[in-house]
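**Q** In case it helps, full-length UniProt numbering puts the sequence shown at residues 1 to 136.
Please see the structure below; I have some questions.
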Amino acid sequence: MTFSRLHGVILGAAAFLALGSAMALAEDYAGGAIKTSDIGGKTVLTDANGMTLYTFDKDEAGKSNCYDQCASNWPPLAADASAAAEGDFTIVDRTDGTKMWAYKGMPLYLWVKDTKAGDTTGDGVGGVWHTAVEGM
1 MTFSRLHGVI LGAAAFLALG SAMALAEDYA GGAIKTSDIG GKTVLTDANG
51 MTLYTFDKDE AGKSNCYDQC ASNWPPLAAD ASAAAEGDFT IVDRTDGTKM
101 WAYKGMPLYL WVKDTKAGDT TGDGVGGVWH TAVEGM
């Protein structure tokens, strides 16, 4: 084997190992409805499409207080009727009859102004919306 070919094989193996290590950092929870992503040095909770999830200070553990216009701007992370709680990820029954995911009891929401995976434009809105971070 020539040096350049051996060098290429070693670089390819190193790239594969690095990619595998990076992928190992991402976790799937709640049957794949919730994932984690490294955003700005934090392990942030996202939906299955990589969109950032948020918590709302006006909610209570196990209870959503975001309805009407609030829910239009901050869509609840919907849970299927067949969804089951998993560890820190639980299901909240909303007063409108729908179900949503929660982390450590706090309901999880998306933000309509986030346009692509990794956006965190909702963090700090109104002083009451916060990026959902693993371990919070």
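For every residue, glycine included, the Cβ atom is placed at its ideal position computed from N, Cα and C.
A quick note: this is a predicted structure, and the numbers were derived from the prediction, not measured.
1. Could you give the distance in angstroms between the alpha-carbon of W91 and the alpha-carbon of L53?
2. Report the partner residues of M86 according to the DSSP bridge assignment.
3. To which residues does DSSP link Y67 through a beta bridge?
4. Within the continuous beta strand (DSSP E) that includes T55, where are the two ends?
5. Going by the CB atoms, is the gap between P75 and L110 shorter than 8 Å?
6. Quick one: grab the DSSP three-state call for V125.
7. Looking at C-alpha atoms only, which residue of V128, E27 and E60 is the closest neighbour of G105?
**A** A quick look at the data gives this:
1. The sequence as given places Ile at residue 91; Trp does not occur at that position. Those two C-alpha atoms are separated by around 15 Å.
2. Here residue 86 is Glu; the residue named in the question, Met, does not match the sequence. Its beta-bridge partners are F89.
3. The partner list for Y67 (beta bridge, DSSP) is empty, contrary to what the question assumes.
4. Y54 to F56
5. yes
6. helix
7. E60
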